[in-house]
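What follows is a short report on a single structure.
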Amino acid sequence: MLSSHPRLRATLWRVAQSIPVVIGVVVISFLLTRALPGDPAVYFAGVAADAASIEETRVAMGLDKPLPQQFVLYVGDLMRGDLGMSLSSGRSVVDDLANRLPASLELTLTALVLAVVIAVPLGVLAATRPGTWVDHLCRVVVTAGVSLPTFFTGILLIYIFYYLMGIAPSPLGRLDFIYLSPDHVTGFYLIDAALMGDWETWRGAAKQLILPASTLALFTLAPIARMTRAAMLTALSSDFIRTARAAGLSSRTVLYRYAFRNALLPVVTTLGMVFSFALGANVLVEKVFAWPGIGSYAVEALVVSDYAAVQGFVLAMALLFVALNLVIDLLYTAIDPRIGFDAK
Amino acid sequence: MTQATDPAHAADSTLGHVLYVLRANPVTMLAFGMFAFLILSAIFGPALVPYDPLATNAAAALQPPSAAHWFGTDQVGRDVFSRVIVATRLDLSISVAAVALSFVVGSILGCIAGYWGGWLDSVLNRFLDTIMAFPLFVLAMGIVAALGNTIENIIYATAIINMPFYARLVRAEVNIRRDAGFVRAAKLAGSSDIRVLATQIFPNALPPMMVQVSLNLGWAILNAAGLSFIGLGVSPPTAEWGIMVAEGANFIVSGEWWLAVFPGLWLMFAVFTFNLLGDGLRDIVDPRKRT
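Chains A and B, in that order, give the protein sequences. All residue numbers for the first sequence refer to my numbering, where the first residue is 542 and numbers rise by one. All residue numbers for the second sequence refer to my numbering, where the first residue is 434 and numbers rise by one.
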């Protein structure tokens, strides 16, 4: 059955390829929790622990057993969705992460959509009009964008739009305290508020979101614009474009149906790298804007040496990144008609 | 290697090419100038700054920029200009040390994988894939949290997350030359594998590596500053750009902008310099990739 569906087979093959990566990620995060200098039990039991509770933690985490057996226990815990207890919040790390994940995703996805919507047309325009002001603007944005520390951009934006101009709300979280948070459906405030039909809350949430999302978008814009420009230039100078032009196709058709569709592939590939940067930068942006996502959770946990929480965060981010890359590659299969034939 | 045939002539034309690129591209020249400025302020900065970067002066706290304090003073009256300049040495050292470490380790691993191939190659590739499967900044956070909160561990973490780029580059460069004519000739002449690798193959990977180093330095500075911004590595009284921006962030909502803006600008300046330099070096090393 599979052989008659080359695309399905390619999809399944790609999903299977991510399994070794997930195993590698689990191994590294296991090593990170056990690489603590000295006795890991002391770290996981917390600063205020006495000898008895350290011993209790050691037995509970299986730290008294040999390393391979510890790994088996660790994987077993992961399978059951148990990442340990957070010392600072007193709840399980998985619950904490799940509670805060929607906030991070809402911020990151909004920023990425914003970045793609600006960067792709900018790159296309720069490639089709080399030497004009659009081209120069694109180059400046690309070089400046990668040099901007995200946390600094965020602070600058707060200074300009909150302090000087007074347009933006105070940079403290997802929603001003005068609004009630919308009922929890997806955890995305914009979607939840829209579902409730509560447009005032929606506006309030959107206002809080604009600055952090723009900060993150400014950072991710640069690599996307750079890649779009380069891919468009390559596509436009290739033989099939010359042929299409010689055949008398309109410049619009040549540009969008032939060049752009081919340029899209390398751009989608770079998105993977961009995600890696965006998820890292997300931590910094959340800290700057006191955004209650998993990034600021990890930063708070780091400050009080809450190891289970930090390592749970690292693992969750890595799995999220693997999943995002998988989605991107599947998207790639969907937009590249050749993949289906290659897999035969 | 063309240089082997006529070293003197090749060196001439390389120098000529460098001068040509510098003349044709004033931006690269500017980048070298900015780079020299950064190096000079890292070396001589601490001796030249007007104030002690750690000396507090409660009477002159939170003053805006003036003739006496070019970048103003912070919440305990320390001179922001002196702190920003003094921090150059620490920030550059962290990133240079990290990049040097990943250069060396990445080169060794890349050479082994690219030259001998086989299972070593597969194992290394799997390992690099796994590192790259983490969002890199997040992995750095995890490493620093696991190894302990010190400056050395910031360096190790930054080195680990940069290492895959070098290892992959070297692996590719070594792999394509593994069976080249000059390599076989050197082997026939009786050189050992290690000697062939070190003297015949690896030098060919150096030009693209230099470009990578320059682009990477900027990223390493950003990364280290980001880690100290969230409170890892460098502890408060020390002058370092990331932590200065973090401290200044508390005052931005009340309008004391100079605390965060000047260290942030300096950080940007350093990263921008290395990015420009990397692009310029690429023009010199590989004219085909000019953008």
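Note that the Cβ used here is the ideal one computed from N, Cα and C, for glycine as well.
CB-CB length for residue i against residue j, believed under 8 Å
i: Asp847(A); j: Ser629(A); result: 5 Å
i: Asp390(B); j: Pro483(B); result: The question about residue 390(B) has no answer here: the residues shown for chain B are numbered 434 through 724.
i: Pro764(A); j: Met814(A); result: 7 Å
i: Val868(A); j: Thr769(A); result: Contact doesn't hold; Cβ gap of about 20 Å is too wide.
i: Phe816(A); j: Phe862(A); result: 6 Å
i: Leu619(A); j: Val567(A); result: 7 Å
Collapsed DSSP secondary structure at residue i in the structure displayed
i: Thr506(B); result: strand
i: Asp512(B); result: strand
i: Met706(A); result: coil
i: Trp691(B); result: helix
i: Phe702(B); result: helix
i: Leu725(B); result: This structure gives no information on residue 725(B), because the portion of chain B shown stretches from 434 to 724.
i: Pro669(B); result: coil
i: Val519(B); result: helix
i: Tyr484(B); result: coil
i: Gly672(A); result: coil
Cβ of residue i within 8 Å of any chain B Cβ
i: Tyr838(A); result: no
i: Tyr700(A); result: yes
i: Gly565(A); result: yes
i: Phe760(A); result: no
i: Gln852(A); result: yes
i: Leu573(A); result: yes
i: Leu825(A); result: yes
i: Gly821(A); result: yes
i: Ile696(A); result: yes
i: Gly881(A); result: Unreliable placement is indicated for Gly881(A), whose pLDDT of 48 sits below 50; no coordinate value is reported for it.
i: Tyr703(A); result: yes
i: Ser688(A); result: yes
i: Ala859(A); result: yes
i: Tyr848(A); result: yes
i: Leu614(A); result: no
i: Val886(A); result: The structure shown does not extend to residue 886(A), since chain A is modelled only from 542 through 885, so no value can be given for it.
Delimiting residues of the alpha helix (DSSP H) encompassing residue i
i: Thr669(A); result: 634-669
i: Gly651(B); result: 635-662
i: Asp626(B); result: 626-629
i: His725(A); result: His725(A) -> no alpha helix (DSSP H), and no H or E assigned at all.
i: Lys620(B); result: 614-621
i: Pro479(B); result: 459-481
i: Glu606(B); result: 584-610
i: Phe570(B); result: 569-580
i: Leu611(A); result: The sequence as given places Gln at residue 611(A); Leu does not occur at that position. 608-620 is the span of the alpha helix (DSSP H), which, as asked, contains Gln611(A).
i: Thr694(A); result: 691-698
i: Leu860(A); result: 848-876
i: Thr775(A); result: 740-777
i: Met626(A); result: Premise fails: Met626(A) is in no alpha helix (DSSP H) and is neither H nor E.
Closer than 8 Å to chain A by CB, residue i
i: Arg601(B); result: no
i: Met701(B); result: yes
i: Arg559(B); result: yes
i: Met574(B); result: yes
i: Ile685(B); result: yes
i: Val704(B); result: yes
i: Phe465(B); result: no
i: Asn608(B); result: no
i: Asn708(B); result: yes
i: Leu542(B); result: no
i: Ala579(B); result: yes
i: Trp727(B); result: For chain B, the structure presents residues 434 to 724; residue 727(B) sits outside this window and is missing.
i: Ala658(B); result: yes
i: Phe635(B); result: no
i: Gly539(B); result: no
i: Phe662(B); result: yes
Practice item. Flag this pair as touching only if the region 672-683 of chain B and the region 694-704 of chain B have three or more C-beta atom pairs under 8 Å; answer yes or no. Key: Counting C-beta pairs closer than 8 Å gives three or more between the region 672-683 of chain B and the region 694-704 of chain B, which meets the contact rule.
Review point. Does the region 631-638 of chain B come close enough to the region 602-617 of chain B to have 3 or more Cβ pairs within less than 8 Å?
Key: Here the region 631-638 of chain B makes contact with the region 602-617 of chain B; the two share three or more CB pairs at distances below 8 Å.
Review point. Taking one C-beta from the region 856-870 of chain A and one from the region 665-682 of chain A each time, how about it: are there three or more such pairs within less than 8 Å?
Key: No, the region 856-870 of chain A is not in contact with the region 665-682 of chain A.
Point to revise | At least 3 beta-carbon pairs within less than 8 Å: the region 712-725 of chain A vs the region 697-707 of chain B | key: Not touching, per the Cβ criterion.
Review point. Just checking, does the region 663-670 of chain B make contact with the region 653-661 of chain A on the three C-beta pairs under 8 Å criterion?
Key: Contact fails: fewer than three Cβ-Cβ distances are below 8 Å.
Check your understanding: Three or more C-beta pairs closer than 8 Å, one from the region 633-647 of chain A and one from the region 718-728 of chain A: is that the case here?
Key -> Touching, per the Cβ criterion.
Check your understanding: Looking at C-beta atoms only, is the number of pairs between the region 637-652 of chain B and the region 615-627 of chain B that lie closer than 8 Å three or more?
Key -> With the cut-off at 8 Å, the region 637-652 of chain B and the region 615-627 of chain B do not touch.
**Study point:** Sufficient close CB pairs (3 or more, under 8 Å) joining the region 557-572 of chain B to the region 583-596 of chain B
**Key:** As far as the Cβ criterion goes, the region 557-572 of chain B touches the region 583-596 of chain B, which means the pair count is three or higher.
Practice item. Spell out a yes or no on whether the region 528-536 of chain B and the region 581-590 of chain B are touching, meaning 3 or more CB-CB pairs, one atom from each, closer than 8 Å. Key: Contact holds: three or more Cβ-Cβ distances are below 8 Å.
Review point. Can we say the region 754-761 of chain A touches the region 682-699 of chain A, given the rule of at least three CB pairs closer than 8 Å?
Key: Taking 8 Å as the limit for Cβ pairs, the verdict is that the region 682-699 of chain A does touch the region 754-761 of chain A.
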